[in-house]
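Residue numbers (UniProt numbering): 1 to 269. Report on the structure given below.
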Amino acid sequence: MKRDFKNKVLVVTGASGNLGSAICKQFARVGMKIVALDINQSSLELLQVQLKKDGVEILPIVCDITDKSSCTLVMNKVVKHWGRIDALVNNAGITHIERYTEMDKEKDITRRVMEVNFFGAVNCTQACLGQIRKNKGFIVNISSVAGFAPLLGRTAYAASKHALHGFFESLGSELKAEGVHCLMVCPSFIQAPPETKNASSEKNSIYQDKKIVGKTVSVNEIAQDIYLYCQKNKPLLVSGKMGKMSYWLHRFLPRVYERVMIKNLKGEV
Numbered sequence: 001m002k003r004d005f006k007n008k009v010l011v012v013t014g015a016s017g018n019l020g021s022a023i024c025k026q027f028a029r030v031g032m033k034i035v036a037l038d039i040n041q042s043s044l045e046l047l048q049v050q051l052k053k054d055g056v057e058i059l060p061i062v063c064d065i066t067d068k069s070s071c072t073l074v075m076n077k078v079v080k081h082w083g084r085i086d087a088l089v090n091n092a093g094i095t096h097i098e099r100y101t102e103m104d105k106e107k108d109i110t111r112r113v114m115e116v117n118f119f120g121a122v123n124c125t126q127a128c129l130g131q132i133r134k135n136k137g138f139i140v141n142i143s144s145v146a147g148f149a150p151l152l153g154r155t156a157y158a159a160s161k162h163a164l165h166g167f168f169e170s171l172g173s174e175l176k177a178e179g180v181h182c183l184m185v186c187p188s189f190i191q192a193p194p195e196t197k198n199a200s201s202e203k204n205s206i207y208q209d210k211k212i213v214g215k216t217v218s219v220n221e222i223a224q225d226i227y228l229y230c231q232k233n234k235p236l237l238v239s240g241k242m243g244k245m246s247y248w249l250h251r252f253l254p255r256v257y258e259r260v261m262i263k264n265l266k267g268e269v
């Protein structure tokens with residue numbers, strides 16, 4: 001049975017970034033009301049203007065997802081405004097590309113990445129899970145190839161994404177009988193600069209002056225696939241040829257995967 005999205009309320013974290021905004025637009029096209037969460041107020045305002053031009057019902061809210069109490073206040077505000085929450089997309093995240101042995105340990109980068117990528121998703125989920133269970137909704141988590149396989153120079157990032165998989169795949173098993181759907185999304189390299197930023201940088205970009213290896217996938221393609229997978233209640237989406245190849249290679253030939261991965265990514269770190 002296909003899911004009905006009309007007039008349902010969707011919360012998207014990291015909503016003003018490239019993938020986040022594409023997800024907002026995709027689900028708005030099928031009739032969902034959008035709650036756009038982001039830590040960047042000016043970017044949220046731009047997204048609000050864009051979506052309102054298309055007649056989308058949007059509620060933009062500035063939120064630091066690492067603050068558990070703020071997440072609770074935000075979700076209560078959404079319920080007060082629209083009376084319900086049906087779905088959550090945990091999209092916000094940061095990354096860091098550097099060999100672990102060369103990291104500045106005083107900055108505690110690993111803890112910061114875990115706080116945003118893992119505990120941020122847990123905070124948001126916990127704050128609205130009662131509503132999602134009540135409405136038999138869905139939870140989408142934006143993970144990565146790093147969620148199921150190692151990636152060179154991304155120890156903290158891979159740890160955070162592996163934690164996402166362990167937590168939400170287990171939660172999905174608990175909630176399946178209640179009619180709640182959990183989807184893990186593992187994109188390969190994305191064409192548009194993602195909304196994430198380097199944990200050690202002040203810039204709003206993960207980009208360093210290094211070549212990204214592998215074929216890319218557009219944010220619109222990923223957003224459309226997420227919608228289709230939610231419609232059919234599928235548990236895992238691995239997007240792009242590079243992502244799919246990495247998934248199967250790591251699953252059945254992990255040593256071959258490791259050799260190929262190191263060869264392709266060693267120029268980044």
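Built from N, CA and C at the ideal position, the CB exists for glycine as well.
Closer than 7 angstroms by C-beta to residue i: which residues in its own chain qualify, once you throw out the five before and the five after it? Chain order, please.
i: I58; result: I34, A36, Q48, L51 and K52
i: A149; result: S246, H250 and Y257
i: S144; result: K161, C186 and P187
Which class does residue i belong to by DSSP, given the choice of helix, strand or coil?
i: A223; result: helix
i: V9; result: strand
i: C182; result: strand
i: V269; result: coil
i: P254; result: helix
i: L175; result: helix
i: T101; result: helix
i: F148; result: coil
i: I94; result: coil
i: V62; result: strand
i: V217; result: strand
Out of the options, which one is the CA nearest neighbour of residue i?
i: F119; options: R99, N141, K134 and T101; result: N141
i: L265; options: V180, E98, N90 and R84; result: E98
i: G147; options: L236, K107 and V56; result: L236
i: R111; options: A163, N76 and I23; result: A163
i: F5; options: A87, V62 and S43; result: A87
Assuming residue i and residue j are in contact, meaning their beta carbons sit under 8 angstroms apart, how far apart are those beta carbons, in whole angstroms?
i: R3; j: C182; result: Actually they are not in contact, since the Cβ atoms of R3 and C182 sit about 13 angstroms apart, beyond 8 angstroms.
i: A159; j: I23; result: Contact doesn't hold; Cβ gap of about 24 angstroms is too wide.
i: V180; j: G137; result: 6 angstroms
i: T13; j: N135; result: Contact doesn't hold; Cβ gap of about 19 angstroms is too wide.
Assuming residue i is part of the alpha helix (DSSP H), what are its boundary residues?
i: I23; result: N18 to R29
i: N123; result: G120 to K134
i: I109; result: I109 to M114
i: N76; result: K68 to W82
i: R49; result: The amino acid occupying residue 49 in the given sequence is Val; Arg does not appear at that position. Looking at the DSSP string, the run of the alpha helix (DSSP H) that includes V49 is Q41 to K53.
Taking residue i as part of the beta strand (DSSP E), name the residues at either end of that continuous run.
i: A36; result: K33 to D38
i: V238; result: L236 to V238
i: C141; result: Looking at the sequence itself, residue 141 is Asn, so the reference to Cys does not match. F138 to I142 is the span of the beta strand (DSSP E), which, as asked, contains N141.
Short of 8 angstroms in beta carbon distance, which residues of its chain neighbour residue i, apart from the five on each side in sequence? Order them along the chain.
i: I190; result: N18, L19, T216, V217, S218, V219 and I222
How about residue i: is its C-beta nearer than 8 angstroms to some C-beta of chain D?
i: R255; result: No chain D appears in this structure, which consists of one protein chain only.
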